[in-house]
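In full-length UniProt numbering, the protein residues as written are 1 to 295.
From the three backbone atoms N, C-alpha and C, an ideal C-beta is built for every residue, glycine too.
Input: a single structure, listed below in C-alpha cells.
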Amino acid sequence: MAGQSFEEGLDSYHPNGFHPVHLGDIFHCRYKVLRKLGYGRYSTVLEPMGETLASFGTLFPKGQVPSPIIQRFTKQLLLALDYAHRSGVIHTDIQPRNVMIQISDLSIIASQPLRDFYIPESSNLMDLDVALCDWGAASWTDNHLTEVIQPVLLRAPEVILRAPWGAPVDIWNLGAVLLEVLDAVRMFDGRAAQTGGVYKTKHHLEEMVALFGPFPSWLLAQGKKEVVDEFFDENGRIRDPIPRPEAMLENWIESLAGDDKAEFIMFLKSMMKIDPRDRLMPKQLLDEPWLQHTS
C-alpha cells in the first residue's frame, strides 16, 4: 500500500535464516560490503568483467577482430556450451553483447568509477579469455521456459518455423555471431528493397536457403502449420522468392585467405546446417581443423 512502511524484524536472523551484514564486512577474504540495498533479499556476487565482444570489435580496423583471437574465443565458448548442454541447459541468447572479456589480474584495476569498457593497457590480446554471460533467457533441455527465443536475426530455422528445438539452436546462434565479429558482416538481414527494406520473415528464410540449402521435409512437417503454409509451397520451396544476387560466404570473408579461409568456411557450414540434427555439437566442433591452431 502506498505510503506504508515496514520495519525489519529480528525473528528471521538465525542459523539457516538471514545473516546480519554491516558496511565494511569482508566475506571469504575478498568481498567487501560497500552498501546495503535493504533486507530480506538475495544477492549475487560476480567477478568484474571487461567489455563485451560487441564493443571489443570497435578496437580493430573495420570492426574485424583478428582470426587468432576469434579462434581462441570460439574454443572457450564451445567449452562453455559443452558444459551447459551436458548439464541440460540451453543458452538461447548468444550474441556479441552477451560475451564478455575476462580480466585475468583483478589487482591492476584502479579504484575509480566504472567505465563503459575496460581492458588493461598491459593486456596481451592473445592471452584474453571470454565468458558467456546473461543466462537469464536460458532454458532447460526438457522444460522450455518459452518457445520464442533468440534475437530475431540470429534465430535458428526450427525456431522461426515454431518447430521443436533443442541444444542445436545454440550452435546456429554462435555460427552467425562468428561471422559478425570476424568480418563485421551480419549473415542475415531479412530485408529487401522490393518490399520497402523492412524485416520480413520470408526474406530471412530466403537468405537461409540461399546460403545453406533447402529445408528438409521432416522439419517443415514439424513446424507450426500456419507458419509453414505461409512461407512454403507444397514442394517445400519458398513461395514467390524475390530475385537476389547469388549469396556466397566466400565473398563475405575478407579477413582470411588460403587454407585458413577454407577451414573457417568448413567450420561455419558445419554449424549452420538447416537440419538441426546435422549440426556438429560443441565437442565435435572443438576437433575441427580451424580450431587446431590455437591454445
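| Check | Outcome |
| --- | --- |
| Exposed or buried, which one is alanine 193 when buried takes at least 16 other CB atoms within 10 Å? | exposed |
| Between which two residues does the alpha helix (DSSP H) holding glutamate 206 run? | 201–212 |
| Out of Phe231, Val148, Gln292 and Phe264, which one is the CA nearest neighbour of proline 241? | Phe231 |
| If I'm right that glutamine 64 touches leucine 182 with Cβ under 8 Å, what's the distance once you round it to whole angstroms? | 6 Å |
| Using 10 angstroms around the beta-carbon of proline 120, count the other beta-carbons present and answer buried if the total reaches 16, otherwise exposed. | Model confidence at proline 120 stands at a pLDDT of 49, short of 50, so the residue's coordinates are unreliable and nothing is read from them. |
| Residue ranges of each beta strand (DSSP E) run of no fewer than 3 residues wholly in the segment 66–105, ordered along the chain? | 99–102 |
| Would the beta-carbon of residue 300 fall within 8 Å of that of serine 67? | No statement about residue 300 is possible, as the shown extent of the chain runs from 1 to 295 and does not include it. |
| Rounded to the nearest angstrom, what separates leucine 249 and leucine 23 at their Cα positions? | 56 Å |
| Just the Cα atoms here: how many angstroms apart are aspartate 189 and tyrosine 199? | 7 Å |
| Of all the CB atoms in chain B, is at least one closer than 8 Å to the CB of asparagine 124? | The chain labelled as chain B is not found in the depicted structure, where only one protein chain is given. |
| Buried or exposed, going by whether 16 or more other CB atoms sit within 10 Å of the CB of lysine 273? | buried |
| Would you tell me roughly how many angstroms separate the C-alpha atoms of glutamine 222 and proline 216, rounded to the nearest one? | 10 Å |
| Can you name the start and end residues of the beta strand (DSSP E) that glutamate 47 belongs to? | Where glutamate 47 is concerned, there is no enclosing beta strand (DSSP E), given that its DSSP letter is neither H nor E. |
| Please classify histidine 91: is it buried, with 16 or more other beta-carbons within 10 angstroms of its beta-carbon, or exposed? | buried |
| Run through DSSP, which three-state label would lysine 32 get? | strand |
| Would the segment 146–164 and the segment 85–102 be scored as touching if the rule is three or more Cβ pairs under 8 Å? | yes |
| Given a threshold of 16 other Cβ atoms within 10 Å of its Cβ, counted over all protein chains shown, does leucine 34 qualify as buried or as exposed? | exposed |
| Is leucine 291 near glutamine 71, with beta carbons less than 8 Å apart? | yes |
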